[in-house]
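Listed in order, the protein sequences are those of chains A and B. In this note's numbering, each number is its position in the first sequence, counted from 1, plus 9. In this note's numbering, each number is its position in the second sequence, counted from 1, plus 15. All C-beta atoms, glycine included, are put in the ideal place defined by N, C-alpha and C. Computed from a predicted model, the values in this text were never measured in an experiment. Beneath this line is the structure, given in structure tokens, with notes to follow.
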Amino acid sequence: MAVITIDGHPLEVEPNLVIMQASDRAGIEIPRFCYHPDLRPEGSCRMCLVRVKGFARLTPACATPVADGMVVSTAHHDEEVAQATRGVLEFLLVNHPLDCPICDQSGECSLQDYYMHSDYGLHRSDVEPEEKVRKRKGINLGPIYMDSERCVMCSRCVRFSNEVSGAGELQFVSRGNHVEIMAFEDRALQDPYAGNLADLCPVGALTSRDFRFKRRVWFLDHADSICPGCSTGCNVRIDHAAGHIERLVPRRNPAVNHSWMCDEGRFSYKRPESLPRLTTPRLRIHGALRRASWDEAMAVVQRELASRPPRGASAVVASPMASNESLWVLGQLARALSSSPHLEYRCLADPSPDIREDALLRRRDKHLNSTGAGWLGLGTAAGLEALALAADRHELARAVILHGAPRVGPNEPIRRELLSRIVRGTPFVVVMSDVAEDWGDAAHVVLPVAAWAEEEGTYTNGAGTVQHGACALNPPGEARAALAVLTELWAALGGPRYGGPADVFQRGLMQCAAFEGLDYGTLASRAATAYPPEGRMPYGQEGFAGR
Amino acid sequence: MAKKDSRVVDVTAQADALGAGVGGMTAGFAVTLRNMVRSLPGRNSVTIQYPEQRKPYSRRFRGVHVLTLRPDGRLKCVACYLCATACPAECISIEAAESPDPAVEKVARRYEIDLARCIFCGFCVDACPEEALAMTREYDLTTRGRLTELRYGIEELTQRPQIADYGAGYRPHMQYPLVESYLPTNLPPPAAASSPEAPAP
Numbered sequence: 010m011a012v013i014t015i016d017g018h019p020l021e022v023e024p025n026l027v028i029m030q031a032s033d034r035a036g037i038e039i040p041r042f043c044y045h046p047d048l049r050p051e052g053s054c055r056m057c058l059v060r061v062k063g064f065a066r067l068t069p070a071c072a073t074p075v076a077d078g079m080v081v082s083t084a085h086h087d088e089e090v091a092q093a094t095r096g097v098l099e100f101l102l103v104n105h106p107l108d109c110p111i112c113d114q115s116g117e118c119s120l121q122d123y124y125m126h127s128d129y130g131l132h133r134s135d136v137e138p139e140e141k142v143r144k145r146k147g148i149n150l151g152p153i154y155m156d157s158e159r160c161v162m163c164s165r166c167v168r169f170s171n172e173v174s175g176a177g178e179l180q181f182v183s184r185g186n187h188v189e190i191m192a193f194e195d196r197a198l199q200d201p202y203a204g205n206l207a208d209l210c211p212v213g214a215l216t217s218r219d220f221r222f223k224r225r226v227w228f229l230d231h232a233d234s235i236c237p238g239c240s241t242g243c244n245v246r247i248d249h250a251a252g253h254i255e256r257l258v259p260r261r262n263p264a265v266n267h268s269w270m271c272d273e274g275r276f277s278y279k280r281p282e283s284l285p286r287l288t289t290p291r292l293r294i295h296g297a298l299r300r301a302s303w304d305e306a307m308a309v310v311q312r313e314l315a316s317r318p319p320r321g322a323s324a325v326v327a328s329p330m331a332s333n334e335s336l337w338v339l340g341q342l343a344r345a346l347s348s349s350p351h352l353e354y355r356c357l358a359d360p361s362p363d364i365r366e367d368a369l370l371r372r373r374d375k376h377l378n379s380t381g382a383g384w385l386g387l388g389t390a391a392g393l394e395a396l397a398l399a400a401d402r403h404e405l406a407r408a409v410i411l412h413g414a415p416r417v418g419p420n421e422p423i424r425r426e427l428l429s430r431i432v433r434g435t436p437f438v439v440v441m442s443d444v445a446e447d448w449g450d451a452a453h454v455v456l457p458v459a460a461w462a463e464e465e466g467t468y469t470n471g472a473g474t475v476q477h478g479a480c481a482l483n484p485p486g487e488a489r490a491a492l493a494v495l496t497e498l499w500a501a502l503g504g505p506r507y508g509g510p511a512d513v514f515q516r517g518l519m520q521c522a523a524f525e526g527l528d529y530g531t532l533a534s535r536a537a538t539a540y541p542p543e544g545r546m547p548y549g550q551e552g553f554a555g556r
Numbered sequence: 016m017a018k019k020d021s022r023v024v025d026v027t028a029q030a031d032a033l034g035a036g037v038g039g040m041t042a043g044f045a046v047t048l049r050n051m052v053r054s055l056p057g058r059n060s061v062t063i064q065y066p067e068q069r070k071p072y073s074r075r076f077r078g079v080h081v082l083t084l085r086p087d088g089r090l091k092c093v094a095c096y097l098c099a100t101a102c103p104a105e106c107i108s109i110e111a112a113e114s115p116d117p118a119v120e121k122v123a124r125r126y127e128i129d130l131a132r133c134i135f136c137g138f139c140v141d142a143c144p145e146e147a148l149a150m151t152r153e154y155d156l157t158t159r160g161r162l163t164e165l166r167y168g169i170e171e172l173t174q175r176p177q178i179a180d181y182g183a184g185y186r187p188h189m190q191y192p193l194v195e196s197y198l199p200t201n202l203p204p205p206a207a208a209s210s211p212e213a214p215a216p
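Below, the structure written as structure tokens:
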């Protein structure tokens, strides 16, 4: 361990860190454009200049390894460093178009923030617009919109493209004042991770075309959640306003997704809006499904589930999109229905083979919580196919189906067909679903439940990490949280009463061996903090020290 | 510091002088009559015959907004939402869109001010970086409803021939007279715009 002093604060840090990482851990802010915790150091922007005692001149904090006894002073307390930072800012702003009012980055722009900073802010610009070097604007790069005039040449995008996604689609061209980022022939980026470029870019040079002009960022509300697109469970922040999700952006979690997410997941928020949502409970009366109140529908469900059918088995179909809490209560409900219930959550033919996956983040299983459903014993090796066969042979007496529409991937025709067979072959079926799908029309009771982002809960990703997702929106119409419906049903069948996801987790789920030792509050608060970074460090043995 | 005693007016002596009964009543009516004669129209009256007569208002009066135009007739507004951000009544709603003109990046597809909700504070005018929003001295908005009738869109906020009657109000660069660009280009000539009951400015 090395002991260094930053702005008078003594710190004990690992010797393979650079000054920037040490100061981040201590919570001392050093301005940066090119430094990114998940990319290799570049040292090109010169914003992070600091003074190290004994060095002849100022040195970039992002490219200087710490050494025992080092004394560092930053722009916060050293006027010479602040002056140098101001000089760098002034150079960057010489050719900047200063079009903040129409720039989508405005409000989350490093250049804006640093310009206004109390210690090293510039607060003035003496350059007349006529003198500026004009560059290319409004270039459509597929998911990304590029404006070269706003670029500060930090090369984060180039490094991301080369190091992380491996697409290598961006490069610097020209020299000096005229240097620009360019994609070959301005072709649309083919990189399935291209959306990250908009998050990476510290200024408005690369912005998202999907989010373009939708909403100024200061009008957005935020909820920390987990991407519903696949079993990786990337940590995301849901940015929403006026009851609509406006965008998903990745949250940094070095153990799961670093700072990235794939474009499939990023745009997965759009699919639910294209699906017809269930908004009212529906009850089969005289052969037809009709609107009913929650009380009427729940009374019918409770009466039917409480009675013991003379013959036939009880089946429960779980959704790999539901939270651990909902799935656990569903499992308990199944055991209250029958001593040997049929439990399933997956069809064996699913997922279909054409689904893309890669070594970085995208997984073949396009469901959020398959692992959690497996851990909670909600499936057998036979799959939904066996359950559908049993329904065809009229061996089932009643079935409870919890369904959540997957956000990414194909429309799951096989799964729909199997569910349709189960619903048609069973005398009494309760469907709890977020979307209205035609197989549900043969059910006896259809209950509208919340979709992802409308309900709080924990999810288990493919690697077995349990993560917390917060609630961002209200469910549409009369739809209710699946967990609330399930706990009410279980309580009516003689189970205990629970207060909410935290209560279910602490009093119920933690009895399972897989969830032992976890704490709901810790999971929820961990989701809310991205710093300090933990786990793999980008400047580890393979990074900075190895060069 | 002790509170100062309020002045006590003792009217007992005056009442005694007038005597009880008709004397006091006559004195009171005399005051009423004197003030009635004083305030007859045409003299020092504080009463005006609204709406035929109107009082002049300050040049900084904050009345109904006007969206200003460029010389070619396009809106100056670039849909930056700073007015909506500054608005304490949250009465401005904007929808931004890509501009068909390559020289301009962002335009407002929809721009609405709900004047029923507006508190006429003028923060939107202060916030505007493009001088796209100004206020007029128009103050008497009457409608038969409050839900949508006073929700003025781009059409209503640019086509305001009333400016000719009321004059420009609070706006950027108050030291300049009402510049041409603040007025819609297709404004009817002033003679046609002024109706018979047009008030004196």
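Check each candidate in the options and name the one with the smallest Cα separation from residue i.
| i | options | result |
| --- | --- | --- |
| A306 of chain A | A:A93, A:G177 and A:R489 | A:R489 |
| A112 of chain B | B:Q29, B:A123 and B:V37 | B:A123 |
| I254 of chain A | A:R66, A:A264, A:P457 and A:C236 | A:C236 |
| I109 of chain B | B:I63, B:Y167 and B:H188 | B:Y167 |
| K144 of chain A | A:I153, A:S157 and A:H132 | A:S157 |
| E153 of chain B | B:G38, B:I178 and B:G43 | B:I178 |
| Y202 of chain A | A:E172, A:F222 and A:V61 | A:E172 |
| Q68 of chain B | B:Y185, B:R186 and B:D180 | B:D180 |
| A28 of chain B | B:G39, B:T157 and B:P187 | B:G39 |
| S302 of chain A | A:Q311, A:S347 and A:L292 | A:L292 |
| P24 of chain A | A:R159, A:L352, A:V12 and A:A35 | A:V12 |
| A522 of chain A | A:G381, A:T73 and A:H351 | A:G381 |
| R221 of chain A | A:L26, A:G526 and A:Q114 | A:Q114 |
| D87 of chain B | B:D116, B:A101 and B:G43 | B:D116 |
| L90 of chain B | B:V140, B:I169 and B:G137 | B:I169 |
| R246 of chain A | A:L482, A:P422 and A:A176 | A:L482 |
| L370 of chain A | A:N266, A:C118 and A:A345 | A:N266 |
Classify residue i: buried if its beta carbon has 16 or more other beta carbons within 10 angstroms, exposed otherwise.
| i | result |
| --- | --- |
| N14 of chain B | Here chain B covers residues 16 to 216 and nothing more, so residue 14 of chain B does not appear. |
| M441 of chain A | buried |
| G36 of chain B | exposed |
| A324 of chain A | buried |
| A207 of chain B | With a pLDDT of 36 at A207 of chain B, under the threshold of 50, the modelled position of that residue is not reliable, and no figure is offered here. |
| F100 of chain A | exposed |
| K279 of chain A | exposed |
| F193 of chain A | exposed |
| D77 of chain A | exposed |
| L387 of chain A | buried |
| G160 of chain B | exposed |
| A297 of chain A | exposed |
Return yes when the Cβ of residue j is within less than 9 Å of the Cβ of residue i, no when it is not.
| i | j | result |
| --- | --- | --- |
| C243 of chain A | C271 of chain A | yes |
| Y129 of chain A | V90 of chain A | yes |
| V444 of chain A | A408 of chain A | no |
| D570 of chain A | P259 of chain A | No answer is possible for residue 570 of chain A: the residues shown for chain A start at 10 and end at 556. |
| P318 of chain A | V454 of chain A | no |
| S82 of chain A | K62 of chain A | yes |
| N333 of chain A | L518 of chain A | yes |
| E145 of chain B | G147 of chain A | no |
| M330 of chain A | L377 of chain A | yes |
| P69 of chain A | G96 of chain A | no |
What residue range does the beta strand (DSSP E) around residue i cover?
| i | result |
| --- | --- |
| N483 of chain A | Per DSSP, N483 of chain A belongs to no beta strand (DSSP E) and is neither H nor E. |
| D47 of chain A | Taken as a continuous stretch (DSSP letters only), D47 of chain A belongs to no beta strand (DSSP E), as it is neither H nor E. |
Indicate whether at least one CB of chain D lies closer than 9 Å to the CB of residue i.
| i | result |
| --- | --- |
| D230 of chain A | Of the chains in the structure shown, none is chain D; the protein chains are A and B. |
Specify, as a first and last residue, the run of the alpha helix (DSSP H) that residue i falls within.
| i | result |
| --- | --- |
| G43 of chain B | V37 to R53 |
| P281 of chain A | R280 to S283 |
| A28 of chain B | T27 to L33 |
| M519 of chain A | Premise fails: M519 of chain A is in no alpha helix (DSSP H) and is neither H nor E. |
Beta strand (DSSP E) runs contained entirely in the segment 394-423 of chain A, provided each spans 3 or more residues: Within the segment 394-423 of chain A, the complete beta strand (DSSP E) runs of at least 3 residues are 405-412.
Segments assigned beta strand (DSSP E), at least 3 residues, entirely inside the segment 49-120 of chain A: 58-61 and 80-82
Ordered list of alpha helix (DSSP H) runs contained in the segment 244-277 of chain A, each at least 4 residues: 272-275
Contained beta strand (DSSP E) runs [length at least 3] in the segment 112-198 of chain A, N- to C-terminal order: 148-150, 153-155, 179-182 and 189-192
Contiguous alpha helix (DSSP H) assignments of at least 4 residues, all confined to the segment 96-179 of chain B: The DSSP assignment places complete alpha helix (DSSP H) segments of no fewer than 4 residues inside the segment 96-179 of chain B at 97-101, 138-142 and 169-173, in order along the chain.
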